[in-house]
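Asks:
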């Protein structure tokens, strides 16, 4: 990497070491010699282009390119290039085992098909339920955990580590655990409910319950994450605010509701964006529950529907159209978030 | 003399400050207070707090504990004992043995792509973050580039999946390009490993960049600025100042990124496809483990789940603080 960097920089004429070698006398003991004066004296067409680029995009533009441009291009190609390409594929009729789509005949047929397909509509509704229920439940539990942990308890780190532990596990692994927890005859959940005389309930097989069972398992996995984000937010609040509320005679509950929670807006926003995107990606969990592209009846979401249509049924263009719908949902979450971060000067 | 005085007064200040802060959080008093006084301070609310915390520990640990004890049970014991009870007489290591035999090649394959992809994406992230943070760039353009990095974190991978398949089969058919490697006797399924490395690096760059950027933003600017004024090039500043100071953040990013890549199923499903492939990663084999016509072998699945989770669990338990920092940023 440094080799490429230095060659690139030599090509644009900004390499300080070369300057030092040719001018000689200017060399300082620390080896770096470029001063504003020598920079302006650069000549030749490439140097002039470099200079005008620097003038336009900021003093270090050309010199900083080798650092951020290669990662940016790689990411840009795989993320933004691929999304544009996916949009293009969704306008074709690409299906079956053909090597590549035919880009000659583009139309919105696949989107019409998606809008009238009951499977897609059900998956969209399930995706909405998953996003809203999972995100709000995770935030509430995460906040409660953070407040409990922040009460100046002993073994704080141990408790925090245990609550965050599920987050370090793969969806594939947690799906195995919950499949066993939800087992009809021998699962912990049914045994626990059985002691209260409830059940047994077929959590995975009942199509009107399975989505809620999945949401519960995901909340278990990610509430530790919300806790960590809220904990960082709570620690950033000056302790005078707590004391002022105490002096005013506010009860603990009232203090949190009136003084502390309003100050956690930033933490809530960043945590909910991350959680919503996790929910959009819940594919891994649903796939692993059944080791199949078709998740349990009643738990199909757009993420699983898209992969199934494309990689199991070879309906590539249709899958691409569903992917664009999913992307639009993600964008409606990310877009406002980026604007919010920009306004706060966080970008 | 004056020096010593100054030091003592500072020390006393720090001491009293510490005690005061320990008391304001309403909690346990450490130090000279006697046992009786401490017991008197333990009020009902405090007991309730710890009971709640312990109940939550039970809630978060139950699925994991249940899985662990089940993995040591014979198939008969699985149905006859309570799922969370110890195996007792039905104890066996057979399921772990079977899971190990089936999964070990997957563990090797996962290491083969997770380790290089983690290191390369962290390096790229550090370089990009440095080039976009401490340098003098025009604000507008910089914000646009950074916004693209941030948005890149949140892209649902489904939106890039089909082009990704097309890219690796039609645009860059690595399978054919690496013909000379297969000629050496290496199974050509391993093309999937190479594809996974490049793919994970590309999609890991955004999060790594943003993590490093948040760190570089809070780094002391004075040292870098004075080095720049002395005429040091950007490359020199990076290698001599920024890179050495990045070590703690590298720990955070490497741990976070390793967990993400190791745990990912979707890309392996699309790029390697079948669990029977010689290059199948551990998550792919695990996803199909223990299912058959006769029903699910839960003990085997649990043993497999733990085996697959072992590397990430080990990393998490050893570096829990860094992991927490990585997810909180």
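Residue numbers (the numbering used here), protein chains in the order written: chain U, 46 to 392; chain V, 8 to 336. No residue lacks a Cβ here, since even glycine has one placed at the ideal position from N, Cα and C.
Three Cβ pairs or more, each shorter than 8 Å: is that satisfied between the region 161 to 179 of chain U and the region 241 to 252 of chain U?
Replies: no
Asks: To be precise: take each residue of the region 125 to 143 of chain U, compare its Cβ to all Cβ atoms of chain V, and keep it if any distance is under 8 Å. Which residues remain?
Replies: 125, 126, 127, 128, 130, 131 and 134
Asks: Please classify residue 261/V as buried or exposed, where buried requires at least 16 other C-beta atoms within 10 Å of its C-beta.
Replies: buried
Asks: Taking its Cβ as the centre, do 16 or more other Cβ atoms sit within 10 Å of residue 233/V, making it buried, or is it exposed?
Replies: Its Cβ having fewer than 16 others within 10 Å, residue 233/V is exposed.
Asks: Could you spell out where the alpha helix (DSSP H) holding residue 263/V opens and where it closes?
Replies: 254 to 270
Asks: Could you spell out the range, first to last residue, of the alpha helix (DSSP H) harbouring residue 182/V?
Replies: 181 to 184
Asks: If I'm right that residue 141/U touches residue 350/U with Cβ under 8 Å, what's the distance once you round it to whole angstroms?
Replies: With a Cβ gap of about 19 Å, residue 141/U and residue 350/U do not count as contacting.
Asks: CA-CA distance, residue 166/V and residue 324/U?
Replies: 15 Å
Asks: Anyone know if the C-beta pair for residue 78/V and residue 331/V falls short of 7 Å?
Replies: No.
Asks: Tell me the DSSP bridge mates of residue 98/V?
Replies: 80/V
Asks: How big is the Cα-Cα spacing for residue 256/U and residue 344/U?
Replies: 5 Å
Asks: Mark residue 303/U as exposed unless 16 or more other C-beta atoms lie within 10 angstroms of its C-beta, in which case mark it buried.
Replies: exposed
Asks: Among the candidates 231/V, 255/V and 252/V, whose CA atom is the shortest distance from the CA of residue 244/V?
Replies: 231/V
Asks: For a cutoff of 7 Å on Cβ pairs, would you count residue 231/U as touching chain V?
Replies: Yes, its Cβ sits closer than 7 Å to a Cβ of chain V.
Asks: Examine chain V for any beta-carbon lying closer than 7 Å to the beta-carbon of residue 379/U, and answer yes or no.
Replies: yes
Asks: With a cut-off of 7 Å, does the C-beta of residue 85/U fall near any C-beta of chain V?
Replies: Note that residue 85/U scores 49 on pLDDT, short of 50, meaning its location in the model is unreliable; the coordinates nonetheless yield the value given after this. Taking a beta-carbon distance threshold of 7 Å, residue 85/U does not count as an interface residue toward chain V.
Asks: Buried or exposed for residue 225/V, please, with buried defined as at least 16 other CB atoms from any protein chain shown within 10 angstroms of its CB.
Replies: exposed
Asks: Assuming residue 329/U is part of the alpha helix (DSSP H), what are its boundary residues?
Replies: 328 to 335
Asks: Could you pull the DSSP bridge partners for residue 275/V from this structure?
Replies: Looking at the DSSP assignment, residue 275/V forms no beta bridge with any residue, so it has no partner.
Asks: What residue does the alpha helix (DSSP H) around residue 234/U start on, and which one ends it?
Replies: 233 to 239
Asks: Using a Cβ-Cβ distance under 7 Å, would residue 393/U count as near chain V?
Replies: This structure cannot settle anything about residue 393/U, because the visible part of chain U is limited to 46 through 392.
Asks: For chain V, is any of its Cβ atoms less than 7 Å away from the one on residue 214/U?
Replies: The beta-carbon of residue 214/U is placed less than 7 Å from the nearest beta-carbon of chain V.
Asks: Does residue 359/U get closer than 7 Å to chain V when you measure Cβ to Cβ?
Replies: For residue 359/U, the answer is no, since every Cβ of chain V falls outside 7 Å of its Cβ.
Asks: Where does residue 88/V sit, in a helix, a strand or coil, going by DSSP?
Replies: coil
Asks: So if I threshold CB-CB distances at 8 Å, which residues from the region 198 to 214 of chain U count as touching chain V?
Replies: When CB distances to chain V are screened at a threshold of 8 Å, the residues of the region 198 to 214 of chain U falling below it are 198, 199, 202, 204, 205, 206, 207, 208, 209, 210, 211, 212, 213 and 214, in chain order.
Asks: Looking at chain U, which residues of the region 56 to 67 of chain V have a Cβ within less than 8 Å of any of its Cβ atoms?
Replies: 56, 57, 59, 60, 63, 64, 66 and 67
Asks: Within 10 angstroms of the Cβ of residue 36/V, are there 16 or more other Cβ atoms? Answer buried if so, exposed if not.
Replies: Confidence is the limiting factor: at residue 36/V the pLDDT is only 44, short of 50, which leaves the residue's position unreliable and the question unanswerable from this model.
Asks: Report yes if the CB atom of residue 278/U is closer than 7 Å to the CB atom of residue 309/U, and no otherwise.
Replies: yes
Asks: For the alpha helix (DSSP H) containing residue 155/U, list its first residue and its last residue.
Replies: 154 to 161
Asks: Using the rule of at least 16 other Cβ atoms within 10 Å of the residue's Cβ for burial, across every protein chain shown, is residue 39/V buried or exposed?
Replies: Low local confidence applies: a pLDDT of 49 at residue 39/V is under 50, so the model's placement there is unreliable, with the coordinate-based value given in what follows. Flag for residue 39/V reads exposed.
Asks: Anything in chain V within Cβ reach of residue 223/U, meaning under 7 Å, just list it in chain order.
Replies: 70
Asks: Which partner residues does residue 141/V have in the DSSP bridge list?
Replies: DSSP, once it has assigned bridges, lists no residue as partnering residue 141/V.
Asks: In three-state terms, what does DSSP make of residue 137/U?
Replies: coil
Asks: Quick check on residue 308/V - is its C-beta less than 7 Å from some C-beta in chain U?
Replies: yes
Asks: Quick one: what's got a C-beta closer than 8 Å to residue 318/U's C-beta in the same chain, skipping five residues either side?
Replies: Here the set comprises 378, 379 and 382.
Asks: Cβ of residue 204/U within 7 Å of Cβ of residue 194/U?
Replies: yes
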